[in-house]
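Worksheet: the structure to be examined is printed underneath.
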Amino acid sequence: MIQCEGLVKIFKSSDVEVVALQGLNLTVNQGEMMAIIGNSGSGKSTLLNILGGLDRPTAGTAVVGDWDLLKMTDAQLVEYKRHTVGFIWQNNGRNLLPYLTALENVETPMILGGKRDRAYAMQLLEWVGLKDRMHNKLHQLSGGEQQRVAIAISLSNRPKLLLADEPTGSVDSETCDTIMGIFRKMNKELGVTIVIVTHDLTLAGKVDRIVAIRDGLTSTEFVKRNPNLDDEHGLSEAGAADIHEAFVIIDRAGRLQVPKEYLEALSIDNRATLEFDGERIVITPPR
Ligand SMILES: Nc1ncnc2c1ncn2[C@@H]1O[C@H](COP(=O)(O)OP(=O)(O)OP(=O)(O)O)[C@@H](O)[C@H]1O
């Protein structure tokens, strides 16, 4: 579904250049529900905005389904945003029209896309647990309910890919569980591929795979040992190792990122020796 290779994004202003993505590789399979984690400034939102067609990459490869995000015209980008991808933000004000009802909000992107489907809009609102609230105006709904409307809106044009930037960032833990449950249901029933960007390590047990981004590059990947099991544990909790297996990511050229704390612990600066003992590759500081 998603194939990024050597993806680069440079933000330029008059006197500074920020390299937000520095050759990132990421593959996401059709039907996966996965999360991207990383510290503030690591490039998560930049990546999501590129995948959502909100921002253009500077270089590299970014392919989503049949679309090549580096080669698309502006008209194709509009088409892509309308029909292939759905987006959810932490601050759902960007998706919602306060003076319309929940149902009208879900129908609006359908109308813009050229086809209103009231039955499907109602079905989506039922799926997110708002069957009895669909005729309420947005300002009559709680923050958590509004976030659920935002999820229904993001799915209104039947996207193949759903991108969520900190979707549980401003809700309590119970609403967070509800939202993750809705994502899982949509993932299973509609087959929509879901990519969630989050700071929240406790979400980790609820997705199939987590990719960690560090300094604009993918660094480590955590894959669930039993993909059929949704678990309460996050990555930081005891027992997480039983749930996820951790892998370091190696790119096509054989490069990998060694965690800074390992390098510092061994006082490795800009060079090291590599030895292969037949089973393991060992990195040691130069003598
Ligand atoms: N429009 C922009 N102009 C200039 N620099 C930007 C722009 N957007 C992002 N950056 C810079 O790019 C880097 C990556 O930012 P990004 O927002 O992708 O990080 P993030 O991992 O999503 O962080 P957070 O978790 O805090 O949202 C940061 O150094 C940021 O300051």
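Under my numbering, think of the first position of the sequence shown as 880, with each following residue one higher.
Heads up, the beta-carbon is just placed ideally off N, CA and C, and yes, glycines get one too.
C-alpha distance - residue i paired with residue j, whole-angstrom precision
i            : j            : result
residue 899  : residue 1000 : 37 Å
residue 1006 : residue 1076 : 23 Å
residue 1038 : residue 1074 : 13 Å
residue 904  : residue 1091 : 12 Å
residue 1009 : residue 1059 : 16 Å
residue 994  : residue 987  : 10 Å
residue 1055 : residue 1127 : 29 Å
residue 880  : residue 910  : 8 Å
residue 1061 : residue 966  : 15 Å
residue 1004 : residue 1031 : 6 Å
residue 957  : residue 996  : 20 Å
residue 1167 : residue 1135 : Given that the chain is displayed from residue 880 to residue 1166, the structure contains no residue 1167 and the question cannot be resolved.
residue 893  : residue 920  : 20 Å
residue 1083 : residue 951  : 33 Å
residue 970  : residue 1025 : 10 Å
residue 924  : residue 1046 : 12 Å
residue 984  : residue 962  : 17 Å
residue 1095 : residue 1011 : 44 Å
residue 1143 : residue 979  : 55 Å
Nonlocal neighbours in the same chain, by C-beta distance under 6 Å from residue i, ignoring five residues either side
i            : result
residue 938  : 887
residue 844  : Residue 844 cannot be examined here, being either before or after the span of the chain that is shown, 880 to 1166.
residue 968  : 1044
residue 1161 : 1154
residue 1132 : none
residue 1116 : Unreliable positioning characterises residue 1116 in this predicted model, as indicated by a pLDDT of 47, which lies under 50. A coordinate reading is not provided.
residue 1065 : 1071
Nearest to residue i (by Cα), restricted to the options the options
i            : options                   : result
residue 1035 : 982, 1095 and 1097        : 982
residue 1023 : 1049, 1068 and 1015       : 1049
residue 1018 : 1152, 977, 1154 and 1137  : 977
residue 1079 : 1145, 1105 and 1051       : 1051
residue 1166 : 1159, 1145, 1160 and 1155 : 1145
residue 1068 : 1002, 1042 and 918        : 1002
residue 1072 : 917, 1130, 931 and 992    : 931
residue 1081 : 896, 901 and 916          : 916
residue 901  : 1040, 951, 895 and 936    : 936
residue 906  : 1053, 1150, 1088 and 1138 : 1088
residue 1104 : 1097, 1065, 1125 and 1093 : 1125
residue 1130 : 1099, 1053 and 991        : 1099
residue 992  : 934, 1027, 945 and 964    : 964
Where residue i falls, given that 16 or more other Cβ within 10 Å makes a residue buried
i            : result
residue 1157 : exposed
residue 1101 : buried
residue 954  : exposed
residue 948  : buried
residue 1014 : exposed
residue 897  : exposed
residue 943  : buried
residue 998  : exposed
residue 1020 : buried
residue 1159 : exposed
residue 959  : buried
residue 1097 : buried
One or two residues paired with residue i in a DSSP bridge
i            : result
residue 942  : 882 and 947
residue 1061 : Beta-bridge pairing links residue 1061 to no other residue.
residue 901  : 887
residue 1096 : 1093
residue 1124 : 1102
residue 968  : 1044
residue 896  : 891
residue 913  : 1074 and 1088
residue 1163 : 1152
residue 907  : 881
Own chain, CB closer than 7 Å to residue i, minus 5 neighbours either side, in chain order
i            : result
residue 1093 : 917, 921 and 1136
residue 1070 : 910
residue 928  : 934
Residue i CB to nearest heavy atom of ligand 2 below 6 Å
i           : result
residue 925 : You won't find ligand 2 in this model; what it holds is ligand 1.
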